[in-house]
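Everything on this sheet refers to the single structure shown next.
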Amino acid sequence: EKAERAKDEL
Amino acid sequence: MNLFRLLGDLSHLASIFILIHKIQTTRSCRGISFQTQALYVTVFVARYIDLFFRWISLYNFFMKIFFIASSVYILYLMKYRYRPTHDPSIDTFKVEYLVGPAVVLSLIFNYKFEFTEILWTFSIYLEAVAILPQLFMLQRTGEAETITTHYLAALGAYRALYIPNWIYRYFTEDVVDPIAIVAGLVQTGLYLDFFYVYFTKVLQGQKFELPA
Numbered sequence: 085e086k087a088e089r090a091k092d093e094l
Numbered sequence: 006m007n008l009f010r011l012l013g014d015l016s017h018l019a020s021i022f023i024l025i026h027k028i029q030t031t032r033s034c035r036g037i038s039f040q041t042q043a044l045y046v047t048v049f050v051a052r053y054i055d056l057f058f059r060w061i062s063l064y065n066f067f068m069k070i071f072f073i074a075s076s077v078y079i080l081y082l083m084k085y086r087y088r089p090t091h092d093p094s095i096d097t098f099k100v101e102y103l104v105g106p107a108v109v110l111s112l113i114f115n116y117k118f119e120f121t122e123i124l125w126t127f128s129i130y131l132e133a134v135a136i137l138p139q140l141f142m143l144q145r146t147g148e149a150e151t152i153t154t155h156y157l158a159a160l161g162a163y164r165a166l167y168i169p170n171w172i173y174r175y176f177t178e179d180v181v182d183p184i185a186i187v188a189g190l191v192q193t194g195l196y197l198d199f200f201y202v203y204f205t206k207v208l209q210g211q212k213f214e215l216p217a
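From first to last, the protein sequence lines stand for chains Y and F.
Residue numbering for the first sequence follows my numbering, beginning at 85 and increasing consecutively.
Residue numbering for the second sequence follows my numbering, beginning at 6 and increasing consecutively.
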C-alpha cells in the first residue's frame with residue numbers, strides 16, 4: 085500500500 | 006463509499022441536527038462549549054477549502070457545504086440569538102493549547118508541503134482534539150442534559166465508525182491514509198470515558214452525572 089490522503093473522505 | 010463511512014457521515018449529520026434541536030427547543034445553549042463549536046468551524050473551513058478546486062461527488066459536495074453552513078449557524082445561535090444563555094466562565098479551556106500543536110504538527114507531519122495540503126492536515130489534527138473544551142466543561146459541571154449527551158454520542162459514533170471504514174479500505178483498496186487513521190484513533194479514544202457513562206447511565210434512563 086502507499087500512504088496517501090483519502091481525498092473522498094469528509 | 007462503504008457502509009461504515011456512510012453510517013459515520015449520517016451519524017455526524019444527526020449529531021448536528023440534535024445540537025440545533027437542543028438549542029432551539031430549550032432556547033438555550035447551556036452546557037455547550039462555544040470554543041469547541043468555534044474549533045469545528047475552523048476545522049471545516051480549513052479542510053473544505055478544496056471545494057474550490059477539487060470535485061469528488063455530489064454527495065461529497067453537499068456534505069461539505071452542509072458542515073460549513075451548519076457549524077457557522079450554530080456559532081451564530083450561540084453568539085447572538087441565545088447569547089445570554091451561554092456562560093463563558095465555565096468554558097475556559099485554553100484553545101491555544103490545541104491550535105498551536107495542531108499547527109506545528111501539520112507543518113512537520115504531512116503528505117506534501119503545500120498550503121492547502123497543510124491546511125487539510127491541520128484540520129485533521131485539530132478535529133482530533135476539538136471536543137476537549139466540551140468534555141472539559143462536562144467534567145467541570147459534572148452533569149449534562151440528556152439531549153446534550155445524545156449529541157456527544159452521535160458525534161463520537163461518527164469517528165468510531167470511521168475506524169471499521171479504514172480497516173475495510175485497507176483490505177479492499179491500495180491506499181491507506183495514516184494521518185487520518187492515527188488522528189481518528191486519538192479522537193475516538195477521547196470519547197471512551199464519555200461512552201462508558203453514556204452506556205451505563207443515560208441509556209439506562211438515568212441522568213448523566215459524574216461521580217463527585
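Backbone N, C-alpha and C define an ideal beta-carbon position, used for all residues, glycine too.
Assuming the contact rule is C-beta atoms closer than 8 Å, F/Val-100 and F/Gln-40 should be a hit. Round their C-beta distance to whole Å, please.
In the second sequence, the residue the question calls residue 100 of chain F occupies position 95. In the second sequence, the residue the question calls residue 40 of chain F occupies position 35. The C-beta separation of F/Val-100 from F/Gln-40 comes to about 5 Å, placing the pair in contact by the 8 Å criterion.
Which term fits F/Gln-42, buried or exposed, when burial requires 16 or more other beta carbons within 10 angstroms of its beta carbon?
For the purposes of this step, residue 42 of chain F is taken as the residue at position 37 of the second sequence. F/Gln-42 is buried by the Cβ-count criterion.
Can you tell me whether F/Tyr-201 is buried or exposed? The criterion is at least 16 other CB atoms within 10 Å of its CB, across all chains shown.
In the second sequence, the residue the question calls residue 201 of chain F occupies position 196. Per the 10 Å Cβ criterion, exposed.
Chain Y contact residues for F/Trp-125, given Cβ-Cβ distances below 8 Å:
In the second sequence, counting from the first residue as 1, residue 125 of chain F sits at position 120. Near F/Trp-125 (Cβ distances below 8 Å), the residues of chain Y are Arg-89.
Can you pull the chain Y neighbours of F/Ala-185, defined as C-beta to C-beta under 9 Å?
The residue given as residue 185 of chain F occupies position 180 in the second sequence. Under the 9 Å cutoff, chain Y gives Arg-89, Ala-90 and Glu-93.
Between the alpha carbons of F/Ala-149 and F/Thr-31, how many angstroms are there, rounded?
As a first step, residue 149 of chain F is located in the second sequence; it is residue number 144 there, counting from the start. As a first step, residue 31 of chain F is located in the second sequence; it is residue number 26 there, counting from the start. Whole-angstrom Cα-Cα distance: 13 Å.
Report all residues from its chain with a CB closer than 8 Å to the CB of F/Val-180; omit the five preceding and five following residues, and keep chain order.
Position 175 of the second sequence, counting from 1, holds the residue named residue 180 of chain F. The residues are Arg-174.
Assuming contact is defined by CB atoms lying nearer than 8 Å, are F/Leu-110 and F/Ala-51 in contact in what I supplied?
Against the second sequence, residue 110 of chain F aligns to sequence position 105. Against the second sequence, residue 51 of chain F aligns to sequence position 46. It is not a contact, given that the beta carbons lie outside the stated cut-off.
What in chain Y is Cβ-close to F/Arg-59, meaning under 9 Å?
Mapped onto the second sequence, residue 59 of chain F falls at position 54. Here the neighbours are Lys-91.
For the structure I just gave you, are there three or more beta carbon pairs, one from the segment 70-85 of chain F and one from the segment 161-177 of chain F, closer than 8 Å?
no
Report, in whole angstroms, the separation of the C-beta atoms of F/Ala-107 and F/Phe-127, which I expect to be a contact under 8 Å.
The count along the second sequence starts at 1 and reaches residue 107 of chain F at position 102. The count along the second sequence starts at 1 and reaches residue 127 of chain F at position 122. Between F/Phe-127 and F/Ala-107 the Cβ distance is about 5 Å, and since that is below 8 Å, they are a contact.
Smallest Cα separation from F/Leu-103: which of F/Ala-19, F/Gly-13, F/Met-6 and F/Tyr-45?
Position 98 of the second sequence, counted from the first residue, corresponds to residue 103 of chain F. Minimum Cα distance to F/Leu-103 is reached at F/Tyr-45.
Decide if F/Phe-49 is buried, meaning its Cβ has at least 16 other Cβ atoms within 10 Å, or exposed.
Translated into positions along the second sequence, residue 49 of chain F becomes position 44. Buried.
My guess is that F/Leu-131 and F/Leu-195 are in contact by the Cβ rule of under 8 Å, so how many angstroms apart are they, rounded?
The residue given as residue 131 of chain F occupies position 126 in the second sequence. The residue given as residue 195 of chain F occupies position 190 in the second sequence. With 8 Å as the limit, F/Leu-131 and F/Leu-195 do not qualify as a contact, their Cβ atoms being about 13 Å apart.
Have a look at F/Pro-216 and F/Phe-9 and give me their C-alpha separation to the nearest angstrom.
Position 211 of the second sequence, counted from the first residue, corresponds to residue 216 of chain F. Position 4 of the second sequence, counted from the first residue, corresponds to residue 9 of chain F. Each residue's Cα considered, the two are about 34 Å apart.
Please classify F/Gln-209: is it buried, with 16 or more other beta-carbons within 10 angstroms of its beta-carbon, or exposed?
For this step, residue 209 of chain F is matched to residue 204 along the second sequence. Exposed, because fewer than 16 other Cβ atoms sit within 10 Å of the Cβ of F/Gln-209.
In whole angstroms, what separates the C-alpha of F/Thr-154 from that of F/His-17?
Taking the second sequence and counting its residues from 1, the one referred to as residue 154 of chain F is at position 149. Taking the second sequence and counting its residues from 1, the one referred to as residue 17 of chain F is at position 12. Using only the alpha carbons, I get a separation of about 14 Å.
Where does F/Ala-135 land, buried or exposed, given buried means 16+ other C-beta within 10 angstroms?
Stepping through the second sequence from its first residue, residue 135 of chain F is reached at position 130. Buried, because 16 or more other Cβ atoms sit within 10 Å of the Cβ of F/Ala-135.
Taking C-beta pairs closer than 8 Å, name the residues in chain Y that F/Tyr-130 reaches, listed in chain order.
Translated into positions along the second sequence, residue 130 of chain F becomes position 125. Correct list: empty, because the minimum Cβ distance to chain Y is about 13 Å.
As a quick exercise: from F/Ile-28, F/Ala-133 and F/Phe-204, pick the residue whose alpha carbon is nearest that of F/Leu-80.
Residue numbering aside, residue 80 of chain F sits at position 75 when the second sequence is read from its first letter. Minimum Cα distance to F/Leu-80 is reached at F/Ile-28.
Residues near F/Met-68 in its chain [Cβ-Cβ closer than 7 Å; skip 5 each side]:
Residue 68 of chain F sits at position 63 when you count from the first residue of the second sequence. The residues are Asp-14.
For chain Y, is any of its Cβ atoms less than 8 Å away from the one on F/Val-46?
The residue labelled residue 46 of chain F in the question sits at position 41 within the second sequence. With 8 Å as the cut-off, F/Val-46 does not count as an interface residue toward chain Y.
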